[in-house]
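J.: Just so you know, we're using my numbering here: the sequence shown kicks off at 1099 and counts up by one. Dropping a structure here in structure tokens format, bear with me for questions.
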Amino acid sequence: MEVWQEIAKNAECGAERLVAEYGDRLYAAALLLCRNNCDAEDLVFRTLARAVDKIRQFKPSGDFFSWLYKILLNFHRMDARRKRPDIVSVGSAQDLPQIPAKSGGDAGAELQEMIRRLPPNIRETVVLKYFSGMSIEEVAAELGIPAGTVKSRLFNAKRILADEFKATNQKGASL
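Here's what the structure looks like:
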């Protein structure tokens, strides 16, 4: 039985075999990419965890180690983008700018709270676009991501916020 089949059948046993068979090779590759033991170990751990979680996405027609290496490389690229000195973090959810409330309600505070609950990557994109007044291209450059990813995050933010507003209004109407 192949490693990927064992993981699909029993994640715990399969994960042990995955570490035994591929851990050293992945660590060697990670060490070349990271150049320090701590980051390399972290990269390998995240790669192995993702492989176990996403094992059903592996296509048996491909090489298993190549699939693992692609996961490792993607994590390394994400880490490199995050560590770039020119990326500006918009801070914590508590640092959101104040949203003025419309007359007759506290919609500004409600919206601000909903934005605080957005996932961090989506929240950063929303703040940069709508509160810092940046264009999509400027947000993309600032975060080191493609413009399409910015558009996708903004779309997801609008969908999440619209769903929350609907849920809030339905709850308020039923009280």
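The beta-carbon is built from N, C-alpha and C at its ideal position, and this holds for glycine as well. Please read all numbers here as calculations on a predicted model, not as lab measurements.
(1) Measuring CB atoms only, is the stretch 1208 to 1220 touching the stretch 1157 to 1169, in the sense that at least three cross pairs come out at less than 8 Å?
(2) Just confirm the distance between the C-beta atoms of V1248 and A1238, as a whole number of angstroms; I'd bet it's less than 8 Å.
(3) Mind checking which residues open and close the alpha helix (DSSP H) that includes I1234?
(4) Looking at the secondary structure, which residues open and close the alpha helix (DSSP H) in which N1224 lies?
(5) Do R1215 and E1139 have their beta-carbon atoms positioned less than 9 Å apart in this structure?
(6) Along the chain, where does the alpha helix (DSSP H) that runs through K1107 open and close?
(7) Give me the residue from A1128, L1116 and F1156 with the minimum Cα distance to R1175.
(8) Can you round the beta-carbon distance between V1150 and A1113 to whole angstroms, since I take them to be within the 8 Å contact cut?
(9) Exposed or buried, R1179, counting other C-beta atoms within 10 Å across all chains shown (16 or more means buried)?
(10) Apart from the five residues just before and just after R1123, which ones in its own chain have a Cβ nearer than 8 Å to its Cβ?
T.: This is what the structure gives:
(1) no
(2) Correct: roughly 5 Å between the Cβ atoms.
(3) In the DSSP assignment, I1234 falls within the unbroken alpha helix (DSSP H) covering I1234 to L1241.
(4) Sequence inspection shows Val at residue 1224; the Asn mentioned does not correspond to that position. Unbroken alpha helix (DSSP H) run through V1224: P1218 to V1224.
(5) no
(6) For K1107, the uninterrupted alpha helix (DSSP H) run begins and ends at V1101 to K1107, by DSSP.
(7) A1128
(8) Confirmed, about 5 Å.
(9) exposed
(10) F1163
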